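In order, the protein sequences belong to chains A and B.
Heads up, the first sequence is in my numbering, so the first residue is 1 and it goes up one at a time.
Heads up, the second sequence is in my numbering, so the first residue is 182 and it goes up one at a time.
By construction, the Cβ of each residue, glycine as well, lies at the ideal position given by its N, Cα and C atoms.
Bear in mind that the values here come from a model prediction, so they are computed numbers and not experimental data.
Working notes, beginning with the structure itself.
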Amino acid sequence: MKILKFKIILLLLFIPVTIFAQSLDCPSRLKMRRPTPPFNFNDLSKSAQCLTGKKYEFVLPLTKGKDYRISFYASPVFNNEIKFRIVDVNSGDKVLDLPGETEASNKGECALRAYYDNKLGKLVHPHFDFYPANSTQIKIIIEVASIEQAESNSNLNVPETRNKGCITVFVQDRKAEDIGF
Amino acid sequence: MDSLFKIIKPLVFIFFMMGIVSCDNSGNNSDDIFDDNLDEGFIKEVESQTYYLIPSPEGLFSFIKDGDLKYLKDILNPTENIDKYIDTRSKELNFGIYSADLAYVSSFNKYQESVDYLSTVRTLSDEIGISAVFDENLIGRIDNIIDDQDSLLKVTSDSYFSIVRYLESSNRKKSLALIVTGGWIESIYVVTNLIDAYKPGSDAVQLLADQKLVVSNLMSYLDQNKSDDNIQRTINDLKNLQKIYESFEIEKIEPEENNTSDSDKIVVGGSAKIIMTEEQFIALKKEIAVIRNKITKNS
Numbered sequence: 001m002k003i004l005k006f007k008i009i010l011l012l013l014f015i016p017v018t019i020f021a022q023s024l025d026c027p028s029r030l031k032m033r034r035p036t037p038p039f040n041f042n043d044l045s046k047s048a049q050c051l052t053g054k055k056y057e058f059v060l061p062l063t064k065g066k067d068y069r070i071s072f073y074a075s076p077v078f079n080n081e082i083k084f085r086i087v088d089v090n091s092g093d094k095v096l097d098l099p100g101e102t103e104a105s106n107k108g109e110c111a112l113r114a115y116y117d118n119k120l121g122k123l124v125h126p127h128f129d130f131y132p133a134n135s136t137q138i139k140i141i142i143e144v145a146s147i148e149q150a151e152s153n154s155n156l157n158v159p160e161t162r163n164k165g166c167i168t169v170f171v172q173d174r175k176a177e178d179i180g181f
Numbered sequence: 182m183d184s185l186f187k188i189i190k191p192l193v194f195i196f197f198m199m200g201i202v203s204c205d206n207s208g209n210n211s212d213d214i215f216d217d218n219l220d221e222g223f224i225k226e227v228e229s230q231t232y233y234l235i236p237s238p239e240g241l242f243s244f245i246k247d248g249d250l251k252y253l254k255d256i257l258n259p260t261e262n263i264d265k266y267i268d269t270r271s272k273e274l275n276f277g278i279y280s281a282d283l284a285y286v287s288s289f290n291k292y293q294e295s296v297d298y299l300s301t302v303r304t305l306s307d308e309i310g311i312s313a314v315f316d317e318n319l320i321g322r323i324d325n326i327i328d329d330q331d332s333l334l335k336v337t338s339d340s341y342f343s344i345v346r347y348l349e350s351s352n353r354k355k356s357l358a359l360i361v362t363g364g365w366i367e368s369i370y371v372v373t374n375l376i377d378a379y380k381p382g383s384d385a386v387q388l389l390a391d392q393k394l395v396v397s398n399l400m401s402y403l404d405q406n407k408s409d410d411n412i413q414r415t416i417n418d419l420k421n422l423q424k425i426y427e428s429f430e431i432e433k434i435e436p437e438e439n440n441t442s443d444s445d446k447i448v449v450g451g452s453a454k455i456i457m458t459e460e461q462f463i464a465l466k467k468e469i470a471v472i473r474n475k476i477t478k479n480s
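Right, here's the structure in full:
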């Protein structure tokens, strides 16, 4: 019986450690994302651990012949205080420069907050469609506001300890539509 | 027995409370995170980082399966070669190679070959400590594949993504780098061997030329892990290939009018095109064969 008690105490000690150690398994968060037909899941998708006050870059090769749909997701710990920029590496042009959230949060005004699509009659997460005229690389630059910035911007009380989370770049693709007559 | 219940009762209560805490969805999406402990190692690791993303073999083969490129089994790495891979580096690189071969045979819907390559991939996954990826669900899908409940390609590509996610989750970046490298090398080797003759501007030739962008990502990705001897050896092996790709010219072109039917689409890459000459194609085909055969023969 003593051995059994000892085993149970060990379980009590180690199971919570294991559960919390897995609590920030960002790559597995991609499993939660489902492609929207006719788009398919593209393996350039990435979910990474990020910290407030830091900058992250994702360099994606986009291949001619496919249409790409990119959307972003972030842990609420960041309060959507994130800047998203996309640069076409080929030309150096900035093709997207949006905050995580705006007050209006209408389609195309921010990268994170869902909006109501009248046409579909439901809430839709913002997405951005890309068409590579030739194969190219895009660089997604994500700047996560520091806690101080986030507080001064939104007056929300973010506890200092909650400053890491996951940011997901979700990429979908489909065969490019043939245009012509 | 009573004393056992005395211990179990608080245990059940603790787990119940933990369940409530972990289900608390106070945020505005399901990615909510609660963690009060940030150690220095973690902060250093996730500090301002660049992620170089590499397409999977399936992503590359998706371009050829609709075309008129033929199926050539003989160019693949025979499954019997598995016995040659004893060291970790050769196991991980060839895991990538076999994964690419699996994607290739399944993209042509070759059932028996897919089963053979899948079995080889599973054997190697055991040896490099990632067998957990092949859970009951995945194995069930593989077993039922013959009933056509799932497409071959879908199952094999899902297994590849599961492996990538598993390695990322378990922080095995170096293993992932070698697997991804092996997969990319085999994909390019296969495509170069499917092209009988160089045709400028053909889809397959352009696909190979466009890999200049992927090579640049791949080398940067490997460079991030070069402290590892196995990665450094791989970087050295790829130097000549990198030089060949660097010699490909980028032709400036006038951006075309947005001829897509959807005005919401953002057009990118319209101002330049990568050009590969016939000589460069021949050099690429030769060099990729050297690198790939060195890996498969484990020499």
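**Message:** Can you pull the chain A neighbours of L237/B, defined as C-beta to C-beta under 8 Å?
**Reply:** What you label residue 237/B is simply residue 56 of the second sequence in a count that begins at 1. For clarity, residue 237/B is Ser in the given sequence; the question names Leu instead. Within 8 Å Cβ-Cβ: D43.
**Request:** Measuring alpha carbon to alpha carbon, tell me which of F462/B, E468/B, Y279/B and S397/B ends up nearest G382/B.
**Result:** Locating residue 382/B in the second sequence gives position 201, where the first residue counts as 1. When each option's Cα is compared against that of G382/B, the closest is F462/B.
**Prompt:** Are at least three pairs of beta-carbons, each pair with one atom in the stretch 363 to 372 of chain B and one in the stretch 107 to 122 of chain A, less than 8 Å apart?
**Reply:** no
**Asked** At least one CB of chain A closer than 8 Å to the CB of S312/B: is that the case?
**Response** Residue numbering aside, residue 312/B sits at position 131 when the second sequence is read from its first letter. No, S312/B lies away from the interface with chain A (no Cβ there is under 8 Å from its Cβ).
**Item:** Between the CA atoms of F84/A and G108/A - distance to the nearest angstrom
**Value:** Working through the first sequence from its first residue, we reach residue 108/A at position 108. Working through the first sequence from its first residue, we reach residue 84/A at position 84. Rounded to the nearest angstrom, the two C-alpha atoms are 12 Å apart.
**Message:** If you reduce the DSSP assignment to three classes, tell me which class C26/A lands in.
**Reply:** For the purposes of this step, residue 26/A is identified with residue 26 of the first sequence, where counting begins at 1. DSSP places C26/A in the helix class (H, G or I) of the three-state scheme.
**Message:** Strictly by DSSP, which residues pair up with R69/A?
**Reply:** On the first sequence, residue 69/A is found 69 positions in, with the first residue counted as 1. Looking at the DSSP assignment, R69/A forms a beta bridge with D129/A and Q172/A.
**Item:** Candidates I147/A, L51/A, E57/A and S45/A, of which the one nearest S237/B by Cα
**Value:** Locating residue 237/B in the second sequence gives position 56, where the first residue counts as 1. S237/B has its Cα closest to that of S45/A, out of I147/A, L51/A, E57/A and S45/A.
**Request:** Work out the CA separation of R33/A and N106/A for me, nearest whole Å.
**Result:** As a first step, residue 106/A must be located in the first sequence, where it is residue number 106. As a first step, residue 33/A must be located in the first sequence, where it is residue number 33. When the Cα atoms are used, N106/A and R33/A turn out to be separated by approximately 22 Å.
**Message:** What residue range does the alpha helix (DSSP H) around R473/B cover?
**Reply:** Residue 473/B sits at position 292 when you count from the first residue of the second sequence. Unbroken alpha helix (DSSP H) run through R473/B: E459 to K478.
**Interfacial residues, the stretch 330 to 346 of chain B to chain A, with Cβ spacing under 8 Å** = S338, Y341, F342, V345 and R346
**Request:** For F58/A, go through chain B and note every residue whose CB falls closer than 9 Å to its CB, in chain order.
**Result:** One-based indexing of the first sequence puts residue 58/A at position 58. Per Cβ cutoff of 9 Å: T231, Y232, Y233 and L234.
**Asked** Does the beta carbon of L394/B sit closer than 8 Å to a beta carbon anywhere in chain A?
**Response** Taking the first residue of the second sequence as position 1, residue 394/B is located at position 213. Yes, because at least one Cβ of chain A sits closer than 8 Å to the Cβ of L394/B.
**Request:** Please compile the residues from chain A whose C-beta is within a distance smaller than 7 Å of the C-beta of V448/B.
**Result:** The count along the second sequence starts at 1 and reaches residue 448/B at position 267. Those are Y131 and A133, listed as they occur along chain A.
**Asked** Whose C-alpha, out of C110/A, V89/A, F170/A and I147/A, is nearest the C-alpha of P132/A?
**Response** What you label residue 132/A is simply residue 132 of the first sequence in a count that begins at 1. When each option's Cα is compared against that of P132/A, the closest is V89/A.
**Asked** Nearest to Y285/B by CA position, among L357/B, L241/B and V396/B, is which residue?
**Response** For the purposes of this step, residue 285/B is identified with residue 104 of the second sequence, where counting begins at 1. Comparing Cα-Cα distances from Y285/B to each of L357/B, L241/B and V396/B, the minimum goes to L241/B.
**A281/B, DSSP secondary structure in three states** = Locating residue 281/B in the second sequence gives position 100, counting from the first residue. Helix at A281/B.
**Message:** At the 8 Å Cβ level, is G240/B part of the contact set with chain D, yes or no?
**Reply:** Of the protein chains in this structure, namely A and B, none is chain D.
**Prompt:** Taking just the CA atoms, how far does I147/A sit from A281/B?
**Reply:** Within the second sequence, the letter at position 100 stands for residue 281/B. Within the first sequence, the letter at position 147 stands for residue 147/A. Cα to Cα, A281/B sits roughly 44 Å from I147/A.
**Item:** Those residues which DSSP pairs with A74/A across a bridge
**Value:** Counted from its first residue, the first sequence places residue 74/A at position 74. Looking at the DSSP assignment, A74/A forms a beta bridge with I167/A.
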